[in-house]
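From first to last, the protein sequence lines stand for chains V and B.
The numbering of the first sequence is the working numbering, which starts it at 1 and goes up by one.
The numbering of the second sequence is the working numbering, which starts it at 236 and goes up by one.
There are 2 protein chains.
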Amino acid sequence: MSLAVNHISVDCVVLGFDGEQLRVLLLKRVGEPGGQEFGDMKLPGDLIYTDENLDDAAKRVLRELTGMSNINLLQYKAYGSKDRITTKDMKWLEQTTRVRVERIVTIAYLSLLRISRQLAAPPVGNEVRWVGLDELGTLAFDHNILIHDAIEAVRRHADIDPSYLFNLLPHKFTLLQLRTLYERIYGKAQDVRNFHKKISQLDYVVALDEHEQGVAHRAARLYRFDRKLFRRARR
Amino acid sequence: MSLAVNHISVDCVVLGFDGEQLRVLLLKRVGEPGGQEFGDMKLPGDLIYTDENLDDAAKRVLRELTGMSNINLLQYKAYGSKDRITTKDMKWLEQTTRVRVERIVTIAYLSLLRISRQLAAPPVGNEVRWVGLDELGTLAFDHNILIHDAIEAVRRHADIDPSYLFNLLPHKFTLLQLRTLYERIYGKAQDVRNFHKKISQLDYVVALDEHEQGVAHRAARLYRFDRKLFRRARR
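1. Does V191 (chain V) have its Cβ less than 8 Å from a Cβ in chain B?
2. What residues in its chain sit with their C-beta under 6 Å from that of Y79 (chain V), if we drop five residues either side in the sequence?
3. What residues are listed by DSSP as bridge partners for K277 (chain B)?
4. Pull out every residue of the segment 293 to 318 of chain B whose Cβ sits closer than 8 Å to any Cβ of chain V, in chain order.
5. Below 8 Å CB to CB, which residues in the same chain sit around L208 (chain V) once its five sequence neighbours on both sides are set aside?
6. For the alpha helix (DSSP H) containing S435 (chain B), name the first residue and the last one.
7. Might you give, ordered along the chain, the residues of its own chain that have their beta carbon closer than 7 Å to the beta carbon of W130 (chain V), omitting 5 neighbours on each side?
8. Starting from H143 (chain V), find everything on chain B with Cβ-Cβ shorter than 7 Å and list it in chain order.
9. Give me the chain B residues within the contact set of L54 (chain V), using Cβ-Cβ distance strictly less than 9 Å, ordered along the chain.
10. Which residues of chain V have a Cβ atom closer than 8 Å to the Cβ of D394 (chain B), listed in chain order?
11. Which residues bound the beta strand (DSSP E) around D11 (chain V)?
12. Figure out for me which residue from B:T301, B:I420, B:K433 has the closest Cα to the Cα of E255 (chain B).
13. Unbroken beta strand (DSSP E) runs of length 3 or more, entirely within the segment 39 to 81 of chain V: which are they?
14. Hey, I71 (chain V) and A57 (chain V): beta-carbon distance below 8 Å or not?
15. Examine the ligand MG and report whether any of its heavy atoms sits within less than 7 Å of the Cβ of V131 (chain V).
16. Is the CB of G270 (chain B) under 8 Å away from at least one CB in chain V?
17. Can you tell me whether Q177 (chain V) is buried or exposed, with buried defined as 16 or more other CB within 10 angstroms of its CB?
18. What are the residues that DSSP puts in a beta bridge with T106 (chain V)?
19. Less than 8 Å between the beta carbons of L400 (chain B) and S346 (chain B), yes or no?
20. For S81 (chain V) versus G45 (chain V), is the C-beta spacing smaller than 8 Å?
21. Does chain B have any CB closer than 8 Å to the CB of L165 (chain V)?
22. Are the CB atoms of N144 (chain V) and L136 (chain V) nearer to each other than 8 Å?
23. Does the distance from the C-beta atom of I375 (chain B) to that of K277 (chain B) stay below 8 Å?
24. May I have the straight-line CA-CA distance separating G270 (chain B) from E362 (chain B), to the nearest angstrom?
25. Assuming S163 (chain V) contacts R232 (chain V) (C-beta within less than 8 Å), just tell me the rounded distance between them.
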């Protein structure tokens, strides 16, 4: 019965929506201990510095990765299972961080990002990619679990604050995009007619006098989310 | 820019409701480095063991404290600010745990408990008390902040799952108790008539053919929460 000396990391699940599916921002893992290739992907994350708070560490990771500092961030869960890191992953960590690692407790953060936002060039040697949730494969560490839990956290948060999901949409969007987003988040098909009826009752989803441009099919009407009207409706 | 070696602890905010106010389960802090008295109170918590997961550590703390193993537990936030622990508190920790402490990241858990439940005798030297939220004073570490955030977490959770608050009530309760509980959780007065109307529309709050016993005022009708009906209503 001894006490654990641990390292603390933050990991960031940055979600985007391309109109069809949800995507998550992943880094290609680099480093080859013993000539072994780590070709897999991981969430952006890092050990925290001595002089750094948890939230600040998460902000730093995202800033270094995207060049942005004004990203919404939600701390949603801490992971501390002693077997969450395999021996192989442990070796990689010790090589890249040059510290002796016993266990890493990670604090997971969630961020919703418009996928159209221009990302800064990533640090040299890093490759950043928006990967579809259906195409994740097996990620490094327990990052598949972190992403799974992040979607649940999105649902919980959106139940309390329905404006939350609009962070994932372009400023002008079609009802098809909005409905598809709901279907991806909640994992089930939405009846078109009921959905349109539901949305038409929300006065903060405002129909514009504009339509899609340059599409092969019949151009759909565009809508926008009005935060002022939303705040008024919630009062 | 160095990496922090940290300790991980869990702290448990156990909330109860006595019909009048919310109470939290606190421990009197013991230990006197340098003859100094630590007469203040703290949340039940502990450093995690090497072979222990976060959730298991929280369960252990509560089991040791209350003798119970079937308590609802909700992980709600991680605290890692580097200045969350004063020098004085740090000394106490190093004395009682006999480890060199650099920073402690704590994972906070929330538990709702019927205040009538019989607690086991606490470990020798410990004094456990249900302290009213209005009578906390200044607690050890940043535990006032943890408790404040716990109430917010209760609200968030109850917004998603209205059955959550019934964990705080006796099996049979009056509408006055239920209304007072809402007022304490949400921090504002509830209009009596609107509240009764709202509750009468919830078929899972079932009126009994029983009244309070042995009260000086007019005995009020008793109600109970029906989980089966609740589940059906939510489907």
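Note that the Cβ used here is the ideal one computed from N, Cα and C, for glycine as well.
All values reported here derive from a predicted model rather than from experimental measurement.
Looking at the coordinates:
1. Taking the first residue of the first sequence as position 1, residue 191 (chain V) is located at position 191. It is worth fixing the name first, because residue 191 (chain V) is Asp in this sequence and not Val. Not a single CB atom of chain B sits nearer than 8 Å to the CB of D191 (chain V).
2. Within the first sequence, numbered from 1, the residue matching residue 79 (chain V) stands at position 79. Excluding sequence positions up to five before and after Y79 (chain V), its CB lies within less than 6 Å of the CB of T106, all in the same chain and listed in chain order.
3. Indexing the second sequence from 1 puts residue 277 (chain B) at position 42. BP columns for K277 (chain B) point to B:L262.
4. Listed by position, the residues of the segment 293 to 318 of chain B near chain V (Cβ gap below 8 Å) are Q310, K312, A313, Y314, G315, S316, K317.
5. Residue 208 (chain V) sits at position 208 when you count from the first residue of the first sequence. Hits under 8 Å: K172, R221, L222, Y223, R224.
6. Locating residue 435 (chain B) in the second sequence gives position 200, where the first residue counts as 1. S435 (chain B): member of the alpha helix (DSSP H) spanning 427 to 435, first to last residue.
7. The sequence position of residue 130 (chain V) within the first sequence is 130, counting from 1. The residues are G16, R23, L25, I115.
8. Taking the first sequence and counting its residues from 1, the one referred to as residue 143 (chain V) is at position 143. In chain B, no part has a C-beta under 7 Å from the C-beta of H143 (chain V); the shortest such distance is about 18 Å.
9. Translated into positions along the first sequence, residue 54 (chain V) becomes position 54. Residues of chain B with a Cβ closer than 9 Å to the Cβ of L54 (chain V) are, in chain order, A313, Y314, G315, S316, V340.
10. Residue mapping note: residue 394 (chain B) aligns to position 159 of the second sequence, counting from 1. Per Cβ cutoff of 8 Å: D159, I160.
11. As a position in the first sequence, residue 11 (chain V) is number 11, starting the count at 1. Membership of D11 (chain V) in the beta strand (DSSP E) is indicated by the continuous run 7 to 17.
12. On the second sequence, position 20 is the one that residue 255 (chain B) refers to. Just measuring C-alpha positions, the residue of B:T301, B:I420, B:K433 sitting nearest E255 (chain B) is B:I420.
13. Counting only runs of 3 or more, we get 45 to 47, 74 to 79.
14. Against the first sequence, residue 71 (chain V) aligns to sequence position 71. Against the first sequence, residue 57 (chain V) aligns to sequence position 57. Contact: no.
15. Absence of the ligand MG from the depicted structure is noted, as is the absence of any ligand whatsoever, leaving it without description.
16. On the second sequence, residue 270 (chain B) is found 35 positions in, with the first residue counted as 1. Here G270 (chain B) scores only 49 on pLDDT, less than 50, and its place in the model is too uncertain to base an answer on.
17. Residue mapping note: residue 177 (chain V) aligns to position 177 of the first sequence, counting from 1. That one is buried.
18. Here the question's residue 106 (chain V) lines up with position 106 in the first sequence. Answer by DSSP bridge pairing, in chain order: V:S9, V:Y79.
19. The residue given as residue 400 (chain B) occupies position 165 in the second sequence. The residue given as residue 346 (chain B) occupies position 111 in the second sequence. It is not a contact, given that the beta carbons lie outside the stated cut-off.
20. In the first sequence, residue 81 (chain V) corresponds to position 81, counting from 1. In the first sequence, residue 45 (chain V) corresponds to position 45, counting from 1. Here S81 (chain V) is not near G45 (chain V), since their CB atoms are 8 Å or more apart.
21. Taking the first residue of the first sequence as 1, we reach residue 165 (chain V) at position 165. So no, L165 (chain V) is outside the interface.
22. Within the first sequence, numbered from 1, the residue matching residue 144 (chain V) stands at position 144. Within the first sequence, numbered from 1, the residue matching residue 136 (chain V) stands at position 136. A distance below 8 Å separates the beta carbons of N144 (chain V) and L136 (chain V).
23. Sequence index remark: in the second sequence, residue 375 (chain B) carries index 140 (1-based). Sequence index remark: in the second sequence, residue 277 (chain B) carries index 42 (1-based). It should be noted that the sequence gives Ala, not Ile, for residue 375 (chain B). Cβ atoms of A375 (chain B) and K277 (chain B): closer than 8 Å.
24. Numbered from 1 along the second sequence, position 35 holds the residue referred to as residue 270 (chain B). Numbered from 1 along the second sequence, position 127 holds the residue referred to as residue 362 (chain B). Only weak support is given to the placement of G270 (chain B): the predicted model assigns it a pLDDT of 49, under 50, and the value that follows is read from those uncertain coordinates. Each residue's CA atom was taken as its position, placing G270 (chain B) and E362 (chain B) some 20 Å apart.
25. Position 163 of the first sequence, counted from the start, is the residue given in the question as residue 163 (chain V). Position 232 of the first sequence, counted from the start, is the residue given in the question as residue 232 (chain V). The pair is not a contact, with the Cβ atoms about 12 Å apart (cut-off 8 Å).
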